[in-house]
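Down below is the structure, laid out as structure tokens.
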Amino acid sequence: MKNNFDLTGKTVLVTGSTDGLGKLTAEHLARRGAEVLLHGRNMEKGASLLSALKKTTGNDRVFYYNADFSSLKEVDAMAGRIVQAHDRLDLLINNAGIGGGPRGTNERQLGSEGYELRFTVNYLSHFLLTLRLLPCIISSAPSRIINVSSVGQQKIDFDDVMLEKGYDSFRAYRQSKLAQIMFTIDLAEELADTGVVVNALHPASLMNTNMVHEFFATTMSSVDEGAAALEYVATSEDTGKVTGLYFDGKRPEKAIEQAYELDARLKLRELSARLTGIDFSAIAS
Ligand SMILES: NC(=O)c1ccc[n+]([C@@H]2O[C@H](COP(=O)([O-])OP(=O)(O)OC[C@H]3O[C@@H](n4cnc5c(N)ncnc54)[C@H](OP(=O)(O)O)[C@@H]3O)[C@@H](O)[C@H]2O)c1
Numbered sequence: 001m002k003n004n005f006d007l008t009g010k011t012v013l014v015t016g017s018t019d020g021l022g023k024l025t026a027e028h029l030a031r032r033g034a035e036v037l038l039h040g041r042n043m044e045k046g047a048s049l050l051s052a053l054k055k056t057t058g059n060d061r062v063f064y065y066n067a068d069f070s071s072l073k074e075v076d077a078m079a080g081r082i083v084q085a086h087d088r089l090d091l092l093i094n095n096a097g098i099g100g101g102p103r104g105t106n107e108r109q110l111g112s113e114g115y116e117l118r119f120t121v122n123y124l125s126h127f128l129l130t131l132r133l134l135p136c137i138i139s140s141a142p143s144r145i146i147n148v149s150s151v152g153q154q155k156i157d158f159d160d161v162m163l164e165k166g167y168d169s170f171r172a173y174r175q176s177k178l179a180q181i182m183f184t185i186d187l188a189e190e191l192a193d194t195g196v197v198v199n200a201l202h203p204a205s206l207m208n209t210n211m212v213h214e215f216f217a218t219t220m221s222s223v224d225e226g227a228a229a230l231e232y233v234a235t236s237e238d239t240g241k242v243t244g245l246y247f248d249g250k251r252p253e254k255a256i257e258q259a260y261e262l263d264a265r266l267k268l269r270e271l272s273a274r275l276t277g278i279d280f281s282a283i284a285s
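Under our numbering, think of the first position of the sequence shown as 1, with each following residue one higher.
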């Protein structure tokens with residue numbers, strides 16, 4: 001792998017870095033000398049990870065931010081704390097997420113603002129976070145935004161985005177993952193002349209992580225495989241030249257059809273602006 005995005009003096013934020021893919025990726029980036037902003041929803045888990053990571057990597061420029069992404073209010077407050085404390089952000093990895101939930105349960109859940117939980121945690125919170133951090137990311141260009149999506153994608157029904165009818169938790173997961181890809185394509189277009197690239201990826205299938213153990217009876221790949229793909233898309237020289245793409249591992253791939261429908265992306269963009277109170281065309285221009 002070419003690691004030519006020199007991380008010395010760069011600041012990176014990895015959401016959901018208290019476990020699984022985010023944790024391993026944050027550790028790799030800290031070893032490569034970046035200033036690393038960790039994020040999680042559990043203060044104790046975050047604090048113990050922070051001290052362990054400083055010790056094992058020898059990197060003192062590691063910080064921890066706490067916010068439960070089921071609350072847009074907490075996401076907004078965390079973004080505020082980050083822009084106050086750091087004057088640059090070279091790489092944002094939107095990774096935090098929940099899967100289908102415990103096997104055998106299929107209860108529709110909501111985030112603090114009353115929106116469907118998986119749509120909130122996996123997509124809407126990252127939409128808000130990214131836009132709140134965007135001025136800082138743009139002023140740090142060349143910079144990158146990576147949305148950790150999935151090969152598991154499902155068309156969004158704009159008449160029932162919050163899945164009030166016939167709820168299915170894995171469908172909720174898949175639609176939130178497609179929403180991340182639609183956001184990737186849309187934001188990449190908006191940021192075309194800014195030196196900021198935006199890409200999405202499926203890291204690896206059924207990695208050995210909590211969300212997989214919870215929902216599936218089996219695993220298929222290691223966290224190392226997913227972290228290698230994520231690190232490649234986030235930091236290699238090649239992928240710094242492309243934007244608006246969806247990668248399956250290290251390969252550019254096609255997402256499902258709806259990702260490329262302008263009308264659908266506009267609907268999602270309008271809905272997201274309405275639900276979060278923030279619109280990216282105003283920030284990017
Ligand atoms: N595992 C796979 O095979 C696979 C395949 C395709 C895509 N992905 C994607 O990869 C990403 C990472 O997943 P993973 O497999 O590494 O899962 P994981 O081990 O379960 O880690 C998820 C991370 O997100 C955090 N998180 C969950 N809910 C949150 C909330 N409400 N607020 C803030 N943080 C929250 C978790 O915090 P805690 O430590 O407190 O739990 C943890 O740090 C996800 O976006 C997932 O969709 C995974």
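We put the CB at the ideal spot given by N, CA and C, even for glycine.
Residues bridged to residue i (per DSSP)
i           : result
residue 64  : 38
residue 147 : 94 and 200
residue 251 : 248
residue 116 : 110
Which of helix, strand or coil DSSP assigns to residue i
i           : result
residue 87  : coil
residue 48  : helix
residue 76  : helix
residue 206 : coil
residue 142 : coil
residue 268 : helix
residue 257 : helix
residue 110 : strand
residue 82  : helix
residue 162 : coil
residue 263 : helix
residue 105 : coil
residue 121 : helix
residue 238 : helix
residue 57  : helix
residue 130 : helix
residue 276 : helix
residue 288 : With the chain running from 1 to 285 in the structure shown, residue 288 is simply not present.
Where the alpha helix (DSSP H) through residue i begins and ends
i           : result
residue 225 : 223-235
residue 184 : 169-190
residue 21  : 20-31
residue 218 : Here residue 218 belongs to no alpha helix (DSSP H), and DSSP marks it neither H nor E.
residue 5   : Here residue 5 belongs to no alpha helix (DSSP H), and DSSP marks it neither H nor E.
residue 283 : 280-284
Distance between beta carbons of residue j and residue i, contact taken as under 8 angstroms
i           : j           : result
residue 268 : residue 182 : 5 angstroms
residue 50  : residue 32  : Contact doesn't hold; Cβ gap of about 18 angstroms is too wide.
residue 179 : residue 156 : 7 angstroms
residue 129 : residue 278 : About 10 angstroms; that fails the 8 angstroms criterion.
Bounding residues of the beta strand (DSSP E) (the contiguous stretch that carries residue i)
i          : result
residue 13 : 11-14
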